[in-house]
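Trainee:
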Amino acid sequence: MDLWSVILAGSAIILLYYYLKRKDKFAKHGIPCNKTIPFVGNLWKVIFSRCTVFEMVDELYKAHKEAKYIGGYEFLSPMIAIRDLELIKTITVKNFDHFTDHRGMRNNANDPLFTQNLFFLKGERWKEVRNVLSPIFTSSKLKGMFVLMSECAKRFGETLASLPTDQRTVELKDAFTRYTNDVIATCAFGIEVDSMKDRKNTFYVYGREATDLSGWMIMKFLLSSYLPRLAKLLNMKVVHPKIENYFINLVENNIKQREEKGINRQDMIQLLMESKDKLGPGKELSIIDITAQAFVFFFAGFESTATLMCFSAYEIGVNPDVQKKVQEEIDQVLIACNGEVTYEALMGMKYLDAVINESLRMYPVQPTIDRVCTEKFELPPTLPGAKPYIMEKGDSLVVPVYGILHDEKYFEDPEEFKPERFLNDGKKEANATTYFPFGLGPRICIGNRFALLETKVLLFHIFAKCNLIICPKTTYPMVLNKKTLGIMPVNGFYFEVQPREK
Numbered sequence: 032m033d034l035w036s037v038i039l040a041g042s043a044i045i046l047l048y049y050y051l052k053r054k055d056k057f058a059k060h061g062i063p064c065n066k067t068i069p070f071v072g073n074l075w076k077v078i079f080s081r082c083t084v085f086e087m088v089d090e091l092y093k094a095h096k097e098a099k100y101i102g103g104y105e106f107l108s109p110m111i112a113i114r115d116l117e118l119i120k121t122i123t124v125k126n127f128d129h130f131t132d133h134r135g136m137r138n139n140a141n142d143p144l145f146t147q148n149l150f151f152l153k154g155e156r157w158k159e160v161r162n163v164l165s166p167i168f169t170s171s172k173l174k175g176m177f178v179l180m181s182e183c184a185k186r187f188g189e190t191l192a193s194l195p196t197d198q199r200t201v202e203l204k205d206a207f208t209r210y211t212n213d214v215i216a217t218c219a220f221g222i223e224v225d226s227m228k229d230r231k232n233t234f235y236v237y238g239r240e241a242t243d244l245s246g247w248m249i250m251k252f253l254l255s256s257y258l259p260r261l262a263k264l265l266n267m268k269v270v271h272p273k274i275e276n277y278f279i280n281l282v283e284n285n286i287k288q289r290e291e292k293g294i295n296r297q298d299m300i301q302l303l304m305e306s307k308d309k310l311g312p313g314k315e316l317s318i319i320d321i322t323a324q325a326f327v328f329f330f331a332g333f334e335s336t337a338t339l340m341c342f343s344a345y346e347i348g349v350n351p352d353v354q355k356k357v358q359e360e361i362d363q364v365l366i367a368c369n370g371e372v373t374y375e376a377l378m379g380m381k382y383l384d385a386v387i388n389e390s391l392r393m394y395p396v397q398p399t400i401d402r403v404c405t406e407k408f409e410l411p412p413t414l415p416g417a418k419p420y421i422m423e424k425g426d427s428l429v430v431p432v433y434g435i436l437h438d439e440k441y442f443e444d445p446e447e448f449k450p451e452r453f454l455n456d457g458k459k460e461a462n463a464t465t466y467f468p469f470g471l472g473p474r475i476c477i478g479n480r481f482a483l484l485e486t487k488v489l490l491f492h493i494f495a496k497c498n499l500i501i502c503p504k505t506t507y508p509m510v511l512n513k514k515t516l517g518i519m520p521v522n523g524f525y526f527e528v529q530p531r532e533k
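Here the sequence shown stands for residues 32 to 533, numbered as in the numbering used here.
#1: Does Thr200 come out as helix, strand or coil in the three-state DSSP assignment?
#2: Counting pairs of Cβ atoms below 8 Å between the region 361-368 and the region 440-452, do you hit three or more?
#3: With distances taken Cα to Cα, identify the nearest neighbour of Leu116 among Lys99, Glu105 and Ile215.
#4: On the three-pair Cβ rule with 8 Å, is the region 260-277 touching the region 141-151?
#5: Could you give the C-beta distance for Arg114 and Ile122, rounded to a whole number, given that I count them as a contact under 8 Å?
#6: So which of Trp157, Met267, Phe130 and Val386 has the shortest CA-CA distance to Glu409?
#7: Is the beta carbon of Tyr374 sitting closer than 8 Å to the one on Lys174?
#8: Can you tell me which of the three DSSP states Arg452 falls into?
#9: Who are the near neighbours of Tyr237 in its chain, counting only those whose CB is closer than 6 Å to its CB and skipping five residues on each side?
#10: Could you give the DSSP three-state label for Phe151: helix, strand or coil?
#11: Which residues share a DSSP beta bridge with Tyr420?
#12: In chain order, what residues of the same chain have a beta carbon less than 7 Å from the beta carbon of Val372, not counting five sequence neighbours either side?
#13: When we look at the beta-carbon of Gln198 and count the other beta-carbons within 10 Å, is it buried (16 or more) or exposed?
#14: With which residues is Ser108 paired in a DSSP beta bridge?
#15: Could you give the residue range of the beta strand (DSSP E) that holds Lys377?
#16: With a threshold of 7 Å on Cβ separation, who are the neighbours of Thr405 within its own chain once the five nearest residues in sequence on each side are excluded?
#17: Which parts of the region 305-341 are runs of the alpha helix (DSSP H), unbroken and 4 residues or longer, counting only runs that do not cross its ends?
#18: Do Leu118 and Phe70 have their beta-carbon atoms positioned less than 8 Å apart in this structure?
#19: I'd like to know whether the C-beta atoms of Leu484 and Phe187 end up nearer to each other than 8 Å.
#20: Is it true that the CB of Phe207 sits closer than 8 Å to the CB of Cys341?
#21: When burial is assigned at 16 or more other CB atoms within 10 Å of the CB, is Phe79 buried or exposed?
#22: Is the CB of Glu240 under 8 Å away from at least one CB in chain C?
#23: On the DSSP bridge list, what partners appear for Leu191?
#24: Which residue comes first and which comes last in the beta strand (DSSP E) that contains Arg402?
#25: Provide the residue span of the alpha helix (DSSP H) that contains Asn284, from first to last.
#26: Mind checking His437: buried by the 16 CB within 10 Å criterion, or exposed?
#27: Alpha carbon to alpha carbon, what distance is there between Trp247 and Ser390?
#28: Indicate whether Arg134 and Ser427 have their beta-carbon atoms separated by less than 8 Å.
#29: Quick one: grab the DSSP three-state call for Ser427.
#30: Check the C-beta distance from Gly470 over to Phe168 and give it rounded, since I have them as a contact under 8 Å.
#31: Whose CA, out of Gly313, Pro312 and Asp320, lies closest to the CA of Met304?
#32: If you check the beta carbons only, do Glu346 and Val353 fall under 8 Å apart?
#33: Since Gly478 sits in a beta bridge, which residues does DSSP pair it with?
#34: Work out the CA separation of Met110 and Val214 for me, nearest whole Å.
#35: What residues in its chain sit with their C-beta under 8 Å from that of Glu97, if we drop five residues either side in the sequence?
#36: If you draw a straight line from the alpha carbon of Thr542 to that of Gly154, how long is it in whole angstroms?
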């Protein structure tokens, strides 16, 4: 046996010992666990495309209904899945200072657009950058962005309504990512594109490539999240260098042009430009920092927000009674506003709100929430007679959002689409304790109001001009894809688009 074989065998034995020792710790504290496989843990089904990450966590949630939390493994890293609502609130809100960070994505120069954006920033730097970004999402700023969104959405709705008869079968994810692309381009990067007409513009093509979380991209993302040291050792990048350079150059040239010509535009780039020197010496926002913050909203727009739009439109399309009510509300607003919807009128659309909120319940944009322990913390016993469990600094936990939102204990008939849950008396069923599709606590998604507005504007203009009709390619009933990181149907979101009669 040569030296390398000895080293590899020895390393494997050490890792296996470490794995079994930590697993034994769960058993000693009476913490239930599901089946695991050495070195990959509970991720074995994800790796072999038998389930998604959130479905793996959902299995933990459903398997031990009597427990406050469950033990699991992500590769060699132990993980606690919290299922008790009061404990979730304690961790994410009351004791947030013990769980301030997301896991993985070590901050380094190798993958700056991912490691230096708000989602993956840690500690004090996260707090500083979040304070800089927060003013972007005030009501007054969103009202200004509403105008930019409306221009994109109105153009988009008109394009769909005017499709030739032989082109009316549309895959909504492809179509809606073009809309979100254009909205992010104008609201975050300060540039104008029309991705429905110019279907291969560089901004869209590179964005699509960067956010394609399938195949090898899934493995890179998993390794970067769960084994960040290994990902760094392997020089693994989530964002391809050509895409990274494109967006950095785009932002750098945009800023240079604004400074030279005195251009002032109410968007994310402008606010970050004005704030880049306000954090104090040595903390200034660099071009890469600014690009990373704009890029994370680009990423969220392509995946999370576009998927929310798709599932909302899907449920409207497969439920004719819901579609009728949505269009009646839209028509009433158009009459009241003389044909041009205002920000205030859109915000007053209660039924459309309820449809979007129910879509978020069934298909949450964050089906799991993760946190890393930043200070030692004692969890109460998971079961009567069990021991308290000490979480050490660096240990991770997840909140099974999808499982909670689909639990009949909290939502009656959870697999049925019922917008009425969010109307009048139904709201008591959907409160902040049980309903948190964007996360909760100080690390709740900072752009959630932006995403909801962007979605509402799009759905308004689509259903003002079009009907969605089930076609032979529609995935109905819904079957989720097990080969993606997020929530997606197996065959996309296909519908026939019909222009409404005037």
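Idealized CB from N, CA, C, for every residue including glycine.
Mentor: Looking at the atomic coordinates:
#1: To locate residue 200, count along the sequence shown from 1; it is residue 169. Note: Thr200 maps to strand in three-state DSSP.
#2: Counting Cβ pairs under 8 Å, fewer than three are found: no touch.
#3: On the sequence shown, residue 116 is found 85 positions in, with the first residue counted as 1. Considering only alpha carbons, the answer is Lys99.
#4: Contact between the region 260-277 and the region 141-151 is present, because at least three Cβ pairs lie under 8 Å.
#5: Reading the sequence shown from its first residue, position 83 is the one you call residue 114. Reading the sequence shown from its first residue, position 91 is the one you call residue 122. The pair is not a contact, with the Cβ atoms about 12 Å apart (cut-off 8 Å).
#6: The residue given as residue 409 occupies position 378 in the sequence shown. Measuring from the Cα of Glu409, the nearest candidate turns out to be Phe130.
#7: Start at 1 with the first residue of the sequence shown, and residue 374 comes out as number 343. Start at 1 with the first residue of the sequence shown, and residue 174 comes out as number 143. Yes; because the gap between Cβ atoms is below 8 Å, this pair is in contact.
#8: Translated into the one-based positions of the sequence shown, residue 452 becomes position 421. The answer is helix: DSSP assigns Arg452 an H, G or I state.
#9: Taking the sequence shown and counting its residues from 1, one reaches residue 237 at position 206. The beta carbon of Tyr237 sits closer than 6 Å to those of Ile274 and Tyr277, all from its chain and outside the five residues before and after it, given in chain order.
#10: Here residue 151 is taken as the residue at index 120 of the sequence shown, counted from 1. If DSSP states are grouped into helix, strand and coil, Phe151 belongs with coil.
#11: To locate residue 420, count along the sequence shown from 1; it is residue 389. DSSP lists Leu410 as the beta-bridge partner residues of Tyr420.
#12: Taking the first residue of the sequence shown as 1, we reach residue 372 at position 341. Around Val372, the same chain offers Val364, Leu365 and Phe491 as residues with beta carbons nearer than 7 Å, after the five sequence neighbours per side are excluded.
#13: Against the sequence shown, residue 198 aligns to sequence position 167. Around the beta carbon of Gln198, fewer than 16 other beta carbons lie within 10 angstroms, which makes this residue exposed.
#14: Indexing the sequence shown from 1 puts residue 108 at position 77. Bridge partners of Ser108: Glu105.
#15: The sequence position of residue 377 within the sequence shown is 346, counting from 1. The amino acid at residue 377 is misidentified as Lys; the sequence shows Leu. Where Leu377 is concerned, there is no enclosing beta strand (DSSP E), although the alpha helix (DSSP H) around it starts and stops at Tyr374 to Met378.
#16: Start at 1 with the first residue of the sequence shown, and residue 405 comes out as number 374. Closer than 7 Å at Cβ, skipping near neighbours: His129, Phe130, Thr131, Asp132 and Lys424.
#17: If one requires a minimum length of 4 residues, the alpha helix (DSSP H) runs lying completely within the region 305-341 are 318-331, in chain order.
#18: Translated into the one-based positions of the sequence shown, residue 70 becomes position 39. Translated into the one-based positions of the sequence shown, residue 118 becomes position 87. Taking 8 Å as the Cβ cut-off, Phe70 and Leu118 do not qualify as a contacting pair.
#19: Mapped onto the sequence shown, residue 484 falls at position 453. Mapped onto the sequence shown, residue 187 falls at position 156. No. Outside cutoff.
#20: Within the sequence shown, residue 341 is the residue found at index 310, counting from 1. Within the sequence shown, residue 207 is the residue found at index 176, counting from 1. In contact: Cys341 and Phe207 (Cβ atoms closer than 8 Å).
#21: Looking up residue 79 in the sequence shown gives position 48. Taking every protein chain shown into account, the CB of Phe79 has fewer than 16 other CB atoms within 10 angstroms, so this residue is exposed.
#22: Here there is only one protein chain, and chain C is not present.
#23: As a working note, residue 191 is residue 160 in the sequence shown. For Leu191, which the question treats as bridged, DSSP gives no partner whatsoever.
#24: For the purposes of this step, residue 402 is taken as residue 371 along the sequence shown, with counting starting at 1. Ile400 to Val403 is the span of the beta strand (DSSP E), which, as asked, contains Arg402.
#25: Locating residue 284 in the sequence shown gives position 253, where the first residue counts as 1. For Asn284, the enclosing alpha helix (DSSP H) begins and ends at Pro272 to Lys292.
#26: If you number the sequence shown from 1, residue 437 lands on position 406. Label assigned to His437: buried.
#27: Translated into positions along the sequence shown, residue 390 becomes position 359. Translated into positions along the sequence shown, residue 247 becomes position 216. Within the model, the alpha-carbon separation for Ser390 versus Trp247 is close to 29 Å.
#28: Taking the first residue of the sequence shown as 1, we reach residue 134 at position 103. Taking the first residue of the sequence shown as 1, we reach residue 427 at position 396. It is a contact, given that the beta carbons lie within the stated cut-off.
#29: Taking the sequence shown and counting its residues from 1, one reaches residue 427 at position 396. Note: Ser427 maps to strand in three-state DSSP.
#30: For the purposes of this step, residue 470 is identified with residue 439 of the sequence shown, where counting begins at 1. For the purposes of this step, residue 168 is identified with residue 137 of the sequence shown, where counting begins at 1. Distance from Gly470 to Phe168 at the Cβ level is roughly 15 Å; contact not present, criterion being Cβ atoms closer than 8 Å.
#31: Working through the sequence shown from its first residue, we reach residue 304 at position 273. Looking only at Gly313, Pro312 and Asp320, the smallest Cα-Cα distance to Met304 is reached by Asp320.
#32: Start at 1 with the first residue of the sequence shown, and residue 346 comes out as number 315. Start at 1 with the first residue of the sequence shown, and residue 353 comes out as number 322. Yes, the Cβ-Cβ distance between Glu346 and Val353 is below 8 Å.
#33: Stepping through the sequence shown from its first residue, residue 478 is reached at position 447. DSSP lists no partner for Gly478.
#34: Numbered from its first residue, the sequence shown carries residue 214 at position 183. Numbered from its first residue, the sequence shown carries residue 110 at position 79. Across the structure, Val214 and Met110 are spaced so that their CA atoms are roughly 37 Å apart.
#35: Within the sequence shown, numbered from 1, the residue matching residue 97 stands at position 66. Here the set comprises Leu414.
#36: As shown, the chain starts at 32 and ends at 533. That puts residue 542 outside it, with no answer to give.
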